[in-house]
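If you count the sequence shown from 1, you need to add 2 to reach my numbering.
The structure under discussion appears below in the form of structure tokens.
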Amino acid sequence: MQRFTTIIEPFRIHAVEPITMTTREHRAEAIATAGYNVFGLPADDVIIDLLTDSGTGAMSRDQWAAIQHGDESYAGSPSFTLFRNAIQNLFHFKHVIPTHQGRAAEKILFACVGGAGKVIPNNTHFDTTRANVEYTGATAVDVVIPEGRIPSSQHPFKGNVDLDALRRVIVDAGPENVPLVMVTVTNNSGGGQPVSLENLRGVRAVCDEFGLPLFLDACRFAENAWFIHEREPGQAGRSVRDIVRDMAALADGMTMSAKKDGLANIGGWLAMHDDALAARCRNLLILTEGFPTYGGLAGRDLEAIAQGLEEVVEPDYLRYRIRSTAYLGEALLRAGVPVVQPIGGHAVYIDARGLLPHIPPLQYPGHALAVALFVEGGIRGCEIGTLMFGRHPDGTETPAAMDLVRLAIPRRTYTQSHMDYVIEVVTAVAAESKSLRGYRIVEEPPQLRHFTARLEPIAD
Ligand code: F0G
């Protein structure tokens, strides 16, 4: 018998959510009303929502059953025990501190270890991580390998840390001013690119040289482990669980958003070995999130996450997950649409500056593409470029390093025919790319302007 190669969704659909099929005219009006900002759109005007993979996935039958099992005791809930055990089964950290999402874990960690004069190296800080570091007066420094900054470079582990750059940052800052080193798996801001075990071992060795702790920003740990399984020599025969345990064993702690590889709609945690640091973090947790056995979550959320952690390391799930992202990216490449390569784990990033060379960066080519994808096909992606990063605290504006549109894929939510539709729409918009025009900002807030700015199209 032949071997069948079609990778199918490894689930059947048990409950359905209707999608409202809107017209082009309706969408053109909706985006104008939203000030040409996709964040201002009512979600039921969107046909395929690829704004983020965070908290937007579908939960399984067993997760919904776990929700019913949730125990809402204020202190000592058995749901917390299940949550902690599920985490410690993969990540052997002594202390597990639940939070309502990833940025709450970051806020507590950096409030305890950050402060003026401190320096935090990371392959690439995600925006909330950078913001939480900088909010304490500390400096966030990105030390990803040079290939990680080139959209077309084909390195298998583009999220890797540049070990020489890391050592330089530590020496320049003085090791006493570096409270910890962080590694983000996978590297979201760099295109959802993985970090190899070998590189993590290298980071561990640099940390040991200077006596520094290593923390993982582990939001997409299972996707990272799958890439290690697929791409790293000697790892193919190993289970994803064991690879995750190896990643964790190299670290002293982690921050986590369970909205990604926790397969949940809300939640997160902070975990570590250090008793004294954990005590300080718990004190702050009680002040800002809640008692240490629920930390801003309902007991039912803790149970949904515990069950999600069982499912997310299943090879059938991960094979489908990573393949479905690559399916979208490879089809766009075949259609001549420039995308960040290799295709990452959770999203496809279109190089809008490459596709729309006639729109100058200060007229936001990524934004122009994101608006066109919505108007033409009801697809909502997100600009990651000059609109997001172009404005500086001193009021000046410069082009961002890249102008990308991220199509982030919610977990277990859309089928292959949904992706075929996305491919058709993006290909059609790309074929008419010369007709797209830039945008100007009419109104913008002082910080994080991309969420609420109002824009207008620039006429010919
Ligand atoms: N770290 C990384 C690498 C992330 O991608 C995110 C969130 C966070 C931390 C913060 O977690 O949202 O639970 O507070 N990323 C989402 C995204 C928002 O769309 O990429 P959170």
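Cβ coordinates follow ideal geometry from the N, Cα and C atoms, glycine included.
Under 8 angstroms between C-beta atoms of residue 147 and residue 124: no
Extent of the continuous alpha helix (DSSP H) run through residue 122: From DSSP, residue 122 is part of no alpha helix (DSSP H) but of the beta strand (DSSP E) over 121-124.
Nearest-angstrom Cβ-Cβ length linking residue 405 and residue 355, presumed shorter than 8 angstroms: 4 angstroms
Those runs of the beta strand (DSSP E) which lie wholly inside the segment 48-111 and span at least 3 residues: 97-101
Enclosing beta strand (DSSP E) for residue 407 [first to last residue]: 406-410
Distance cut-off 7 angstroms: residue 190 Cβ against heavy atoms of the ligand F0G: yes
Proximity below 8 angstroms, CB of residue 435 to CB of residue 357: yes
Heavy atom of the ligand F0G within 7 angstroms of residue 410 beta-carbon: yes
Cβ neighbours of residue 136 in the same chain (closer than 8 angstroms, five flanking residues each side left out): 142
At least three beta-carbon pairs within less than 8 angstroms, the segment 272-282 to the segment 236-245: no
Euclidean distance between Cα positions of residue 167 and residue 219: 19 angstroms
Nearest-angstrom Cα separation, counted from residue 99 out to residue 461: 52 angstroms
Per-residue DSSP class, three states only, for residue 43: coil
Helix, strand or coil at residue 421 [DSSP, three-state]: helix
Range covered by the beta strand (DSSP E) that runs through residue 217: 216-219
Near the ligand F0G: residue 219 beta-carbon under 7 angstroms from a heavy atom: yes
Closer than 7 angstroms: residue 327 CB and nearest the ligand F0G heavy atom: no
Any non-hydrogen atom of the ligand F0G closer than 7 angstroms to residue 270 Cβ: yes
Buried versus exposed call for residue 441 [16 or more other C-beta atoms within 10 Å across all chains shown]: buried
Buried versus exposed, by CB contacts within 10 Å (16 or more), residue 6: exposed
Any C-beta of chain D under 8 angstroms from that of residue 283: Chain labels in this structure do not include chain D; a single protein chain is all it has.
C-beta contact flag for residue 380 and residue 49 at 8 angstroms: yes
Closest by C-alpha distance to residue 276, when choosing among 44, 39, 115: 115
Rounded separation between residue 200 and residue 231 - CA only: 12 angstroms
Between the CA atoms of residue 11 and residue 3 - distance to the nearest angstrom: 22 angstroms
Nearest-angstrom beta carbon gap, residue 326 and residue 421 [assumed within contact, 8 angstroms]: 7 angstroms
Buried or exposed by the 16-neighbour rule on C-beta atoms within 10 Å, applied to residue 132: buried
Cβ-heavy atom distance, residue 150 to the ligand F0G, below 7 angstroms: no
Local Cβ density within 10 Å of residue 344, reported as buried at 16 or more and exposed below that: buried
Test item: CB-CB of residue 371 and residue 407 under 8 angstroms: yes
Where the alpha helix (DSSP H) through residue 35 begins and ends: 26-35
Contact test: residue 1 Cβ vs the ligand F0G heavy atom, cutoff 7 angstroms: For residue 1 there is no data in the structure shown, the boundaries of the chain being 3 and 462.
Rounded separation between residue 159 and residue 459 - CA only: 39 angstroms
Residue(s) in a DSSP beta bridge with residue 189: 195
For residue 426 and residue 378, the rounded distance between their alpha carbons: 11 angstroms
7 angstroms CB neighbourhood of residue 341 in its chain, flanking five on each side removed: 331, 334, 335, 350, 351, 352, 353
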